[in-house]
Amino acid sequence: SFPAEAVPQAPEDALFGLMRAYRADESKDKVDLGIGAYRDDNAKPWVLPVVKKADEILRNDPDLNHEYLPIAGLAPFTSKSIELILGSDSPALAEKRTASVQTISGTGAVHLGALFLARFYKVAGANRTVYLPNPTWANHNQIFGNVGLPIATYPYFDKQTRGLAFDGMVQALRDAPERSIILLHPCAHNPTGVDPTQEQWRAIAAVMKEKKHFPFFDCAYQGFASGDLDRDAAAVRYFVEQGFELVIAQSFAKNFGLYGERAGCFHFAASPGPDAGGVAARVASQLAILQRSEISNPPIYGAKIAATVLNDPALYAEWKENLREMSGRIISMRKALRAKLEELGTPGTWNHITDQIGMFSFTGLSEAQVKRLQEEFHIYMTKNGRISMAGLNTRNVEYVAKAIDKVVR
Ligand code: PLP
């Protein structure tokens, strides 16, 4: 029998707990720097103008219905999604050696990939351990842990420079047993905002090739980091050019602002070779089986919105504009926060705020300082000192800088 009485209380998810505390705070000064969702300069969620247009188009379509999607999802969505990340001229696409499945946003894509590897990554002599960057998106630990894959970490963030721990990272990749699974954030690393340079990516790829490691890219911020979709995809494209067999979890939550619609994809690319197309087809067949038992078929509406934009050149161009607006506002907030801290003469160096990229900045604030910011100043951030840059705006950035100045002194 199952004594449900014996089920222990689980701790609340840290990030969602923080959101709850923020909502309950009645201060008019409160600032939410916790959640990784874009906010406009009025601290409001932003529905991308191009998403509004796509929504209009769909709603006016007399044929719109609520039927099931196929198991692998909406084909005009998945096919354009893989072009978006690999580039439409990718050799992997030309040689038809890829497989794509629509998933429950990026989380579902990471999960499906983890499940697939847990089931099939059993090559003789292959190490099944998944190496995660230290630190990483906290959910990675739970997702890979849930499917029973062993987890290890590689150094990523250098506390001294508040930049990439490049040497330590490369050394760890060298020391890991051959054919390990290496999780990589291709751009806008969460939570640090620190990305390898192009040259560093080349060195990372070289070690991974030498050690026959398997790249698992988790791409949640394409176009959102630099404002340029191609630039943010450069690392993945480089690995494909180098002939790696690899997988990609792709989220459209941030770059389309489709958070709650759960639009995402999981992609597989085979290495070039005579049977590469066959490999991809077999992988696709197994992904379909896993998908069927997990969710049967993915949600339709967000995928339709994204597909409408991705398949229409005019809307696509407009999306790029919207992306530049979001990334541009974030970059201007980075500059403003750094400038205010330097103006105040806040102890320490603050160049990392503008050096880091994407949604987050790893400020270097201690847990005690984070606690004071919340209790005395109603400023909410995760206790590792990560701030969501999108929570800053022209009206609160000075208040935040002054509060940081006070707790740092
Ligand atoms: N991966 C990383 C690194 C993330 O930062 C996120 C979101 O914060 C995700 C995946 C998944 O997000 P979603 O499931 O909302 O697409």
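Numbered according to full-length UniProt numbering, the sequence shown spans residues 55 to 463.
Think of the CB as a built atom: it goes at the ideal place given N, C-alpha and C, for glycine as much as any other residue.
Bear in mind that the values here come from a model prediction, so they are computed numbers and not experimental data.
Which term fits G402, buried or exposed, when burial requires 16 or more other beta carbons within 10 angstroms of its beta carbon? When all chains shown are included, G402 counts as exposed.
Quick check for students: name the residue ranges of the alpha helix (DSSP H) that lie wholly in the region 262-316, counting only runs of 4 or more. Those alpha helix (DSSP H) runs which fall completely within the region 262-316 and span 4+ residues are 283-286, 288-295.
Check whether the Cβ of R93 lies closer than 8 Å to any heavy atom of the ligand PLP, and answer yes or no. No, the beta carbon of R93 sits no closer than 8 Å to any heavy atom of the ligand PLP.
Between A400 and N96, what straight-line distance do the alpha-carbon atoms span, to the nearest angstrom? It should be pointed out that residue 400 corresponds to Thr in this sequence rather than to Ala. Across the structure, T400 and N96 are spaced so that their CA atoms are roughly 27 Å apart.
Would you say I158 touches the ligand PLP, meaning its beta carbon is less than 8 Å from a heavy atom? It does: the Cβ of I158 is within 8 Å (strictly closer) of some heavy atom of the ligand PLP.
Range covered by the beta strand (DSSP E) that runs through P209: Residues 205-209.
Quick check: the region 257-267 against the region 431-441, are there 3 or more CB pairs under 8 Å? They do not touch, by the three-pair rule.
Report whether the distance from the Cβ of N244 to the nearest heavy atom of the ligand PLP is below 8 Å. Using a cutoff of 8 Å, the CB of N244 counts as near the ligand PLP, since one of the ligand's heavy atoms is closer than that.
Short Cβ contact (9 Å threshold) for P269 with R316: Cβ atoms of P269 and R316: not closer than 9 Å.
Do V104 and V451 have their C-beta atoms within less than 9 Å of each other? The answer is no: Cβ separation not under 9 Å.
Go ahead and label Y92 buried or exposed: buried means 16 or more other beta carbons lie within 10 angstroms of its beta carbon, across all protein chains shown. Y92 should be labelled buried.
V294 to Y453, Cα distance in whole Å? About 45 Å.
Under the three-state reduction of DSSP, which class applies to N181: helix, strand or coil? Taken through DSSP and simplified to helix, strand or coil, N181 comes out as coil.
Could you tell me the distance, in whole angstroms, from the CA atom of F174 to the CA atom of L102? The alpha-carbon separation between F174 and L102 amounts to approximately 39 Å.
Any idea what DSSP makes of L377, helix, strand or coil? DSSP places L377 in helix when its eight states are reduced to three.
Can you tell me whether I354 is helix, strand or coil according to DSSP? Correct three-state label for I354: coil.
Determine the DSSP secondary structure at L218, reduced to helix, strand or coil. Three-state result, L218: strand.
Is the closest heavy atom of the ligand PLP to the C-beta of F306 under 8 Å? At least one heavy atom of the ligand PLP is nearer than 8 Å to the Cβ of F306, so yes.
Would you say F198 and H239 are within 9 Å of each other, going by their C-beta atoms? Taking 9 Å as the Cβ cut-off, F198 and H239 do not qualify as a contacting pair.
For the ligand PLP, is there a heavy atom less than 8 Å away from the beta-carbon of N309? Within 8 Å of the C-beta of N309 there is not a single heavy atom belonging to the ligand PLP.
Which residue's Cα is closest to the Cα of K134: D459, Q345, S325, F306? The closest CA to that of K134, considering only D459, Q345, S325, F306, is found on F306.
Indicate, with yes or no, if the ligand PLP has a heavy atom lying under 8 Å from the CB of H239. Yes, since a heavy atom of the ligand PLP falls inside the 8 Å radius drawn around the Cβ of H239.
Residue range of the unbroken beta strand (DSSP E) whose run includes T157: If you look at T157, you'll find it in the beta strand (DSSP E) that goes 152-158.
Of all the options A444, I359, R440, I458, which has the alpha carbon lying nearest to the alpha carbon of R113? Each of A444, I359, R440, I458 was checked against the Cα of R113, and the nearest Cα belongs to I359.
Can you give me the Cβ contacts of D212 inside the same chain, cut-off strictly under 6 Å, excluding the 5 residues immediately before and after it? Residues of the same chain with a CB within less than 6 Å of the CB of D212, apart from the 5 flanking positions on each side, are A219 in chain order.
Run through the region 103-144 for me and flag every whole alpha helix (DSSP H) of 4 or more residues, listed as ranges in chain order. With a minimum length of 4 residues, the continuous alpha helix (DSSP H) runs that stay inside the region 103-144 are 103-113, 129-140.
Could you check whether F414 and L441 sit closer than 9 Å to each other, using their CB atoms as the reference points? As written in the sequence, residue 441 is Ile, which differs from the Leu given in the question. In this structure, F414 lies closer than 9 Å to I441 by Cβ.
What does a CB cutoff of less than 8 Å around A68 pick up in its chain, not counting 5 residues either side in sequence? The answer, listed in chain order, is A192, T436, K437.
Between the Cα of L147 and those of V155, I136, Q156, T157, spot the shortest distance and give me the residue it belongs to. Of V155, I136, Q156, T157, the residue nearest in Cα terms is I136.
Between G314, E379, H321, A180, which lies nearest to H165 when the distance is taken from Cα to Cα? Out of G314, E379, H321, A180, H321 has the C-alpha closest to the C-alpha of H165.
Are the beta-carbon atoms of G331 and E149 separated by less than 9 Å? Yes. Within cutoff.
At a cut-off of 8 Å, would you count V164 as near the ligand PLP, judging by its Cβ distance to the nearest heavy atom? At a threshold of 8 Å, V164 counts as near the ligand PLP, since its beta carbon sits closer than that to one of the ligand's heavy atoms.
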